[in-house]
Amino acid sequence: MSRTNSTSSTLEDKVEFFKGKKVIVTGGAGFIGSHVCEELVLLGANVFCLDDFSAGKRSNVAFMTERANFHVVAKDVCDDDSVMGDLFSGADCVFHNAASKKNVCLLDPRRDLQVNAGGTLNLLQYALKFKVAKFVQASTGSVYGEPKVFPTDEGHAFEPVSYYGVSKLAGERYVDVFHKLYGLNTTILRYFHVYGPRQESNEFGGVVSIFLRRILESQNPVVFGDGHQVRSFTWVKDLVEANLAAAMSTRSGGQAYNAASGIQVSILDLATSMLRVLEQGRQLQVEFGDPLVGDIMNFEVDNRKIREELGVTFNQDFWGTLRLALTNTDAFLGR
Ligand SMILES: NC(=O)c1ccc[n+]([C@@H]2O[C@H](COP(=O)([O-])OP(=O)(O)OC[C@H]3O[C@@H](n4cnc5c(N)ncnc54)[C@H](O)[C@@H]3O)[C@@H](O)[C@H]2O)c1
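Position one of the sequence shown corresponds to residue 56 (the working numbering), numbered consecutively onward.
Okay, here's the thing in C-alpha cells:
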C-alpha cells in the first residue's frame, strides 16, 4: 500500500503498509520503544531493535526474540561503523526512540547532549545516505519548558528548562534541517507523561510506576511539592498508534505533533487514588517532599493537530485504563 492521507487506518491497512518492511526502532528495548517493536512485529515488519541497554532491558523484548522478524542490535546510536551501514542498508523506516533521559542528564548533561543531539544527527546522516523513506523522531513536551500559553499547541515558544529539554530540542532541530535541506521525510512526535506496562520504576522512571512499586513494597508514595502539579498522562499504546500513523501518512512530512492525551491529572490525585486501589491494609499515606527544581506545574496540551491530521485518538479514561493495567502489577513493572 502507498502512504495514506486518510485520518484513520484499519488493521489491514497497517499490515499492508508494514508487512515485510525493514524498520529500525532505536531505544527498542526501553519502555516505549519495546511497545513500538511489539506492534510492528505483529504487523509483519522486519524489526531491528537498536539499543545500547544503558536503560533498556533484555526482558522488555525477550518475548519477541523467537520471532524470525525481530532482531536485536546491541549498539550505541552514536556509533559510526560498518554495522550501522549494514543496519541502515535497505531500511524503510526509522522510529528513533533512544534517548538519554531527563533525570539521568541532570547528573550527566554531556552524555545527554551526545546521545540526544549527536546520536540523532548520526542517525539522520545514515538515513539520508541509505535513502530511508521515513524518519520518526520521538521528542518531548519538555522542549516548551514551562508553558505560558494554554492550551499549548505546536507553535508555542521553545524555552526548555532542563538539560534534557535542550538536548531533545537540538535533536528536533537536526531533524528539521534534514527535512528542509535534503527533503528527508521526517516527523517529530512530542510525547508527554507516558504510562503503561514496562515503564521503569526506579528513580529514573515514570511517576505511575514509581508509586506502584513503592506501594507494593509497603512504602509511602512521595509527592514533591504540594502535588497540585498536573500531568497529561498518555497511554503508551496510543503513542504506538501515533508512530504508525506518522509513518503511514502523506501529510506528516516535516511536521511536528503534540502526542498527548490532553487530560489533566494532579500528582496528588494520582497518589491518593493509587493508594485507595492498592493499599490493601498496608497503612500507607501520601508523603510530601521538597519541590523539585525545574518541575513544571501546569500542562494543558492541545492535541488537535495530531487528531485531525493523523487520526490518532487518545484514551481519555485514565483511571479505567490504569485500574485495568494494574490487574497485573508484575507485567506493569516489567517483571
Ligand atoms: N516516558 C515518557 O513519558 C516520555 C515523555 C517524553 C518523551 N519521551 C521520549 O520517548 C523516548 C523513549 O523514552 P522511554 O520513556 O521509553 O525511555 P527508556 O529509557 O525506557 O528508553 C530509552 C531507550 O534508549 C536506550 N538508549 C539510551 N541511550 C542510547 C544510546 N546511546 N544508543 C542506543 N540506545 C540508547 C536505552 O537503553 C533505553 O532502552 C525517548 O526519546 C524520550 O525522550 C518519553
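Glycine included, C-beta positions come from ideal geometry on N, C-alpha and C.
A quick note: this is a predicted structure, and the numbers were derived from the prediction, not measured.
Three-state class that DSSP yields for residue i in the structure shown
i	result
leucine 239	coil
isoleucine 351	coil
isoleucine 87	helix
glutamine 340	coil
threonine 314	The identity of residue 314 in the sequence shown is alanine, whereas the question assumes threonine. Strand, per DSSP.
leucine 98	coil
histidine 248	coil
lysine 223	helix
serine 321	strand
phenylalanine 125	strand
alanine 110	coil
threonine 368	coil
glutamate 67	helix
Option nearest residue i by Cα separation, candidates the options
i	options	result
phenylalanine 288	Gly375, Gly85, Gly174	Gly375
cysteine 148	Phe279, Asn115, Cys92	Cys92
phenylalanine 369	Thr384, Ala297, Gly309	Ala297
aspartate 281	Phe259, Asp350, Val367, Phe213	Asp350
aspartate 134	Leu98, Leu179, Asp163	Leu179
leucine 388	Gln254, Val128, Thr195	Gln254
serine 155	Val356, Val295, Ser217	Ser217
phenylalanine 73	Phe108, Cys104, Met303, Asp345	Met303
glycine 344	Ser321, Phe279, Leu294, Asn353	Phe279
Environment of residue i [buried if 16+ CB atoms lie within 10 Å]
i	result
asparagine 383	exposed
alanine 311	buried
threonine 241	buried
phenylalanine 150	buried
lysine 76	buried
methionine 139	buried
Cβ neighbours of residue i in the same chain (closer than 8 Å, five flanking residues each side left out)
i	result
proline 276	Ile265, Phe266, Arg269, Ile270, Ala326, Met329, Leu330, Leu339, Val341, Glu342
asparagine 313	Gly196, Thr207, Asp208, Glu209, Arg245, Phe247, Val356, Asp357, Asn358, Lys360, Ile361
phenylalanine 233	Leu179, Ala182, Leu183, Phe190, Leu239, Thr241
Check: residue i C-beta below 8 Å from any heavy atom of ligand 3
i	result
cysteine 92	Questions concerning ligand 3 fall outside what the structure shown contains, since the ligands it does hold are ligand 1.
Nonlocal neighbours in the same chain, by C-beta distance under 7 Å from residue i, ignoring five residues either side
i	result
phenylalanine 213	Val198, Tyr199, Leu224
methionine 119	Cys92, Glu93, Val96, Phe125
Own chain residues within Cβ distance below 6 Å of residue i, not counting five before or after
i	result
threonine 175	Gly226, Tyr229
serine 57	Confidence at serine 57 is low in this model, with a pLDDT of 47, below 50, so its placement is unreliable and no value can be given for it.
Task: Contiguous beta strand (DSSP E) assignments of at least 3 residues, all confined to the region 144–188 - done: 148–151
- [ ] Scan the region 261–319 and note each continuous alpha helix (DSSP H) run of 4 residues or more that stays entirely inside, going in chain order.
- [x] 262–271, 291–303
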